[in-house]
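First comes the structure, then the notes that go with it.
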Amino acid sequence: MNTYIIGEQAKYYEFGKPISSNAIVEMKVPAVFPLEEIVKIERRSEIQFSLKEDTRVYGLGENLGGINKRGGRYESYCRDEANHTEDKINLYGAHNFFVIEDKEKAIGYFVDFPGRIHFDIGFTNDDEFIITINGENFGLMKIEGSMPSEIITKFLKTIGKPYIPPKWGFGYFQSRWGYRDQKEIQEVVDTFQQHEIPMDGIYLDLDYMVDFKNFTVSRERFPDFEDWTKSLKEKGLYLIPIIDAGVKIEEGYNVYEEGVKGDHFAVNQEGEPYVAAVWPGKVHFPDFFQEKTRRWFGEYYRDLTKMGIEGFWNDMNEPAIFYDEKSLEEAVDMAIDCRGKNLNVHKFFHLKDTFSNLLNDEKYHQRFYHRMDGEKKTNEEVHNLYGNYMTQSAYEGLSRHLDHRFLLISRASSIGMHRYGGIWTGDNASWWSHLEENVKMMPLLNMAGFFYTGADTGGFGGQCSGELLTRWLQFSIFTPLLRNHSALDTRAQEPYAFDKRTLEETKHLIRLRYRLIPYLYSTYMKAVDKYEMMFKPLAFFYKEAHYKEIEDQLLLGDELMIAPVVERGKTGRRVDLPEEMAKIEFADSGYTVEIVKEGPHYLAYQRDRLIIFLKKGHMLPLGDVAMNVKELKNEKLDLLVYMDENAEHLLYTDDGLSIDRNDQVKTIFSVIHREGDFLVDIKNPYKGLKVVNFSFLTNEGLVKKTHRINS
Ligand code: GLC
43 MNTYIIGEQA KYYEFGKPIS SNAIVEMKVP AVFPLEEIVK IERRSEIQFS LKEDTRVYGL
103 GENLGGINKR GGRYESYCRD EANHTEDKIN LYGAHNFFVI EDKEKAIGYF VDFPGRIHFD
163 IGFTNDDEFI ITINGENFGL MKIEGSMPSE IITKFLKTIG KPYIPPKWGF GYFQSRWGYR
223 DQKEIQEVVD TFQQHEIPMD GIYLDLDYMV DFKNFTVSRE RFPDFEDWTK SLKEKGLYLI
283 PIIDAGVKIE EGYNVYEEGV KGDHFAVNQE GEPYVAAVWP GKVHFPDFFQ EKTRRWFGEY
343 YRDLTKMGIE GFWNDMNEPA IFYDEKSLEE AVDMAIDCRG KNLNVHKFFH LKDTFSNLLN
403 DEKYHQRFYH RMDGEKKTNE EVHNLYGNYM TQSAYEGLSR HLDHRFLLIS RASSIGMHRY
463 GGIWTGDNAS WWSHLEENVK MMPLLNMAGF FYTGADTGGF GGQCSGELLT RWLQFSIFTP
523 LLRNHSALDT RAQEPYAFDK RTLEETKHLI RLRYRLIPYL YSTYMKAVDK YEMMFKPLAF
583 FYKEAHYKEI EDQLLLGDEL MIAPVVERGK TGRRVDLPEE MAKIEFADSG YTVEIVKEGP
643 HYLAYQRDRL IIFLKKGHML PLGDVAMNVK ELKNEKLDLL VYMDENAEHL LYTDDGLSID
703 RNDQVKTIFS VIHREGDFLV DIKNPYKGLK VVNFSFLTNE GLVKKTHRIN S
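So the sequence shown is residues 43 to 753, counted in our numbering.
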């Protein structure tokens, strides 16, 4: 075992010869220290921890089961899991970072390994946490600190800054698997406009392509794609096409032919391109583990950027596999064999399961290989890196094709990919429990470096009700990625597809999102620059056991606490205030504010109201409503200040597009409360800012004051 120090204080233990998981960017400096943890290595490796009565375990990123993971079992193994039920142990991301905390100490660990890892966190034995690593070569990073937040900051430094989207990526996006053609999508855009609901664009699902072939556009369904894309963009609206991992096998299709010629596809044992099936039928998978393939595939994004596209979503890159040739053949043979037979219970279910298990059978991962630095590895060995490298390929390609920021999200991910793009949390459903999971997952995703993230608002599968959409938006208007997306054959999910009440509520929420963009964008950028999470559990900041158990209230930035309603039919909820805060209640046309004492409260929370909490000594800026980010001028800013003796707020007011961040514009607002007066100072007011309407809140009430900027 070799030992190293990474960055400021992270200890790194290296067992055997680990395969890099592309996560760590800081230098590893050799240093000698003993191993305190119990690690057993025997073909597989096991790390053991004992859990005390009060030990909590936070982390593992994109996974079900809430913020404190104790009592459950989980897996890091990227999986196309379309049914997020409580018993599922892995989803699309593999985020092997967690923090163990008890009364005395907190320690963070990152398991640096690109294959399967199993975490049994007091599931089999209540006082034992056992990590099983599917191999003998891995790294283990250990970070100590007094608080989880301090450990997380140190960890985020070792893995490098998260991807920064353009500011327009903070807009609202509509999406649906099933929008057939240009005409239908244009109608969606027009209907949003008619109802005065802002949006920054539409995600294009599979149907824009010809026969599900990446980097093609169906001229039949999208007759003047380039002109349309460009004319939408002039109005501040973006189209975000999907790209899938599998490349259709078809003579004459350039990506397929060039891929074969250039040896760019993952191979089977015989060294031939591996054949599996996804949307178009048979496909090959680009071998993103080869640098030349990353460059090759990344070049194709240019076909679409030339048509005016500036954002993409990379999908099915776990990779998802419907079937492979061998397994399908075996299943079909079995079915033929059953023909005319009298099948008893065992035979019938065996036949049935053989077919249903074709989808994403993990056996396939042993049948294809990647070339990594001249070595051949089964997909199983390096599985969690596939989506990571695909996104790196896209990121590097797009960085060559565009001279400004672009939008890029992926479904599969592992830590390290956060530098190249964001993630959406995959195929959730229109279930209240999935709204709740969305809330709890956000801080865990941030812990793993994923800041540009969000769930399919309203739910992807299943039937969404108006009430669920409203309540979901009351949370997701705070998530950096805000996309309403739904699956084929589900109830339409655009705000106007519901009753009048829902339309009104959702419209006001989306409009409010645009007022929040100056705040949200700045909060994002501050989190990136300070290596801090954007969404934080109360448990990370308040020591009392009681607050450590609250998982449906989150801190956002340094200023806010949010406590969304995540149950059907509620007109109120319990909120526990860990300190005195200002309760801000938004109704359609404005807000009211009131100071609420520390402690438990049952608060009325009507469907058409949005309630958030502002901490003392902090400010909440609200800009103008605009129909999209391009139109956001923010000449006038409303600043609600919950006064302590003084308060300060920093707004990032750059153009939201430049890659070079040296000329970043930051506006600083500061207020001092002295002898009943409020002394205001605004440093470096951004271009265009003319009026700031201050509302100072103190125990004496609300004082309003308008401040004009002399240009
Ligand atoms: C996958 C994606 C989903 C998309 C669908 C069709 O299930 O997760 O978002 O709509 O594929 O492309």
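Heads up, the beta-carbon is just placed ideally off N, CA and C, and yes, glycines get one too.
Same chain, Cβ closer than 8 Å to residue i, five either side skipped, listed in chain order
i	result
F544	First, the amino acid is wrong: residue 544 is Thr here, not Phe. Around T544: G508, E509, L511, T512 and P537.
Q311	R409 and Y411
Residue i, enclosing beta strand (DSSP E) - first and last residue
i	result
R98	R98 to G101
K747	G743 to R750
W466	G464 to W466
F139	F139 to E143
A52	A52 to F57
V231	That residue, V231, is in no beta strand (DSSP E); its alpha helix (DSSP H) goes Q224 to Q236.
Y214	Y214 to S217
H643	G641 to A646
Cβ distance (whole Å) where residue i is taken to contact residue j below 8 Å
i	j	result
R453	N359	6 Å
F736	L681	5 Å
L721	K708	About 21 Å separates the two Cβ atoms, so there is no contact after all.
S63	L427	7 Å
F364	V320	6 Å
Y647	I654	Not quite, the Cβ-Cβ distance comes to about 11 Å (not below 8 Å), so this is no contact.
F327	F307	6 Å
M459	F331	About 14 Å separates the two Cβ atoms, so there is no contact after all.
A529	F502	5 Å
H425	Y119	6 Å
K199	Y151	With a Cβ gap of about 16 Å, K199 and Y151 do not count as contacting.
R263	D249	7 Å
A624	I637	6 Å
G103	A569	16 Å between Cβ atoms; not a contact.
Bounding residues of the alpha helix (DSSP H) (the contiguous stretch that carries residue i)
i	result
R553	K542 to K572
D162	Taken as a continuous stretch (DSSP letters only), D162 belongs to no alpha helix (DSSP H), being part of the beta strand (DSSP E) at I159 to I163.
A436	Y428 to H443
N480	W474 to M489
H660	Premise fails: H660 lies in the beta strand (DSSP E), H660 to L664, not in any alpha helix (DSSP H).
L274	F267 to E276
Under the three-state DSSP convention, the category residue i falls into
i	result
I626	strand
L523	coil
L133	coil
K729	coil
S455	strand
F517	helix
H306	coil
A377	helix
K348	coil
I80	strand
K255	coil
W355	strand
R616	strand
E314	coil
I194	helix
L393	helix
CB contact flag (residue i, residue j, <7 Å)
i	j	result
T97	D168	no
I83	Q90	no
G504	S472	yes
R158	N176	yes
K729	I710	no
Y431	Y462	no
I149	E192	no
F212	L562	yes
G202	Y54	no
T271	G350	yes
W219	D247	yes
I194	K482	no
V141	G101	yes
F8	M484	With the chain covering 43 to 753 only, the question about residue 8 has no answer from this structure.
L401	S369	no
Contacts around residue i, its chain only, beta-carbon distance under 7 Å, and the 5 residues preceding and following it disregarded
i	result
Y214	P240, M241, D242, L524, I552 and R555
K94	D144
T613	A646, Y647 and Q648
Own chain residues within Cβ distance below 6 Å of residue i, not counting five before or after
i	result
L279	G243
G659	D686 and A689
Closer than 6 Å: residue i CB and nearest the ligand ZN heavy atom
i	result
D531	As presented, the structure is devoid of the ligand ZN, carrying the ligand GLC as its sole ligands.
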